[in-house]
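Mind the numbering: the sequence shown is residues 4 to 243 in the numbering used here, read in order. Notes follow once the structure below has been shown.
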Amino acid sequence: MPRSKCSLMIVTLLVPLLAGCGTGGATQAEDPAPPPPDPSDESAEAPLSDAEIEALYRERVEESRTRFTEADVRFMTDMIHHHAQAVEISRFAPDRGASRQIRTLAARIINAQQDEIETMRRWLEDRDQPVPELHEEGDRVMVRGGAPVDMGEMPGMLSREQIERLKAARGREFDRLFLTFMIEHHEGAVTMVRELFGTDGAGQDEDVFRFASDVQVDQATEVDRMQQMLEAMPPSGGGR
Numbered sequence: 004m005p006r007s008k009c010s011l012m013i014v015t016l017l018v019p020l021l022a023g024c025g026t027g028g029a030t031q032a033e034d035p036a037p038p039p040p041d042p043s044d045e046s047a048e049a050p051l052s053d054a055e056i057e058a059l060y061r062e063r064v065e066e067s068r069t070r071f072t073e074a075d076v077r078f079m080t081d082m083i084h085h086h087a088q089a090v091e092i093s094r095f096a097p098d099r100g101a102s103r104q105i106r107t108l109a110a111r112i113i114n115a116q117q118d119e120i121e122t123m124r125r126w127l128e129d130r131d132q133p134v135p136e137l138h139e140e141g142d143r144v145m146v147r148g149g150a151p152v153d154m155g156e157m158p159g160m161l162s163r164e165q166i167e168r169l170k171a172a173r174g175r176e177f178d179r180l181f182l183t184f185m186i187e188h189h190e191g192a193v194t195m196v197r198e199l200f201g202t203d204g205a206g207q208d209e210d211v212f213r214f215a216s217d218v219q220v221d222q223a224t225e226v227d228r229m230q231q232m233l234e235a236m237p238p239s240g241g242g243r
């Protein structure tokens, strides 16, 4: 066979073999890469603007303010009255010969519960509910306005007789009565939180849930501390 015909035959046989070869021995050509997204395609998701994020935030805040219940309002209103009495009796400490520990405890209770009263008042105001106002009359802290409350049914509230007894006490007698009455008062606040969470639908508002949870933890912790202080005091009738 002539050389030219032989060479042509070899080339003819090799061409289809070479066309079927690829990287890694693949027998088929790889699919082409997908085209880049079209910037003009409006269906593509774009990041939210600052204005859109702000609008979503405000919408969520407004939604949270509509989830409160009558039980939430009653809890916040009652707790304002409850805290106001704790502030009132804590103010007796400096003028009645209380120990340094009791004066420090009383000052801490005043600062913490005054701040919480303002938090509760803002919560009520933000939800267009009646807001109680605090007024001082002599050494009394009076609460006026807001939704009606039943002071006699509120756990841990001291009677006027108990308050007058505390006002008349001095020195170690004051310390002992203050701790005894404040333990009772704080335990009442813990009971109020439990009653709130035990009410169907109550405590769903995020602010109410967080506030009530904090009150329970703080008051229970302080009860333990005051019980230790009370147990460490000398027996009644001993010298100062």
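Cβ atoms here follow ideal geometry from the backbone N, Cα and C, with glycine treated the same way. None of the values given here were measured: they were computed from a predicted structure.
Short check: CB of residue i to CB of residue j, under 8 Å?
i, j, result
"A87", "L169", "no"
"G159", "H189", "yes"
"P97", "R106", "yes"
"A215", "V193", "no"
"V144", "P135", "no"
My assumption, with CB atoms under 8 Å, is that residue i sits in contact with residue j. Please give the rounded CB distance.
i, j, result
"D227", "S102", "Their Cβ separation, rounded to whole angstroms, is 19 Å, which puts D227 and S102 out of contact at 8 Å."
"M229", "M185", "6 Å"
"M123", "M82", "6 Å"
Among residues of its own chain, excluding the 5 on either side of residue i, which ones have a beta-carbon nearer than 8 Å to its beta-carbon?
i, result
"A115", "D221"
"T183", "L233"
"P133", "T80, L127, G148, G149, A150"
In the DSSP assignment, find the unbroken beta strand (DSSP E) run with residue i in it and report its ends.
i, result
"V144", "143-147"
Over what stretch of residues does the alpha helix (DSSP H) that includes residue i continue unbroken?
i, result
"E140", "Segment 136-140 is the beta strand (DSSP E) holding E140; no alpha helix (DSSP H) there."
"Q207", "Neither: Q207 is in no alpha helix (DSSP H) and is coded neither H nor E."
"R125", "103-129"
"V90", "73-93"
"V196", "174-200"
"R163", "163-171"
Just to confirm my understanding: we take residue i, look at its own chain, exclude 5 residues before and 5 after, and list those with CB closer than 6 Å. What are they?
i, result
"C24", "Residue placement at C24 cannot be trusted, given a pLDDT of 44 that sits under 50; what the coordinates show is reported in the next sentence. Once the five neighbours on either side are set aside, C24 has no close Cβ partner at all."
"G100", "R173, G174"
>> So, does the stretch 148-167 touch the stretch 80-96, judging by three or more C-beta pairs under 8 Å?
In response: The stretch 148-167 is in contact with the stretch 80-96.
>> For the stretch 70-77 against the stretch 194-209, do three or more pairs of beta-carbon atoms, one drawn from each stretch, fall closer than 8 Å, so that the two count as touching?
In response: Segment contact: the stretch 70-77 against the stretch 194-209, three or more CB-CB distances shorter than 8 Å; contact assigned.
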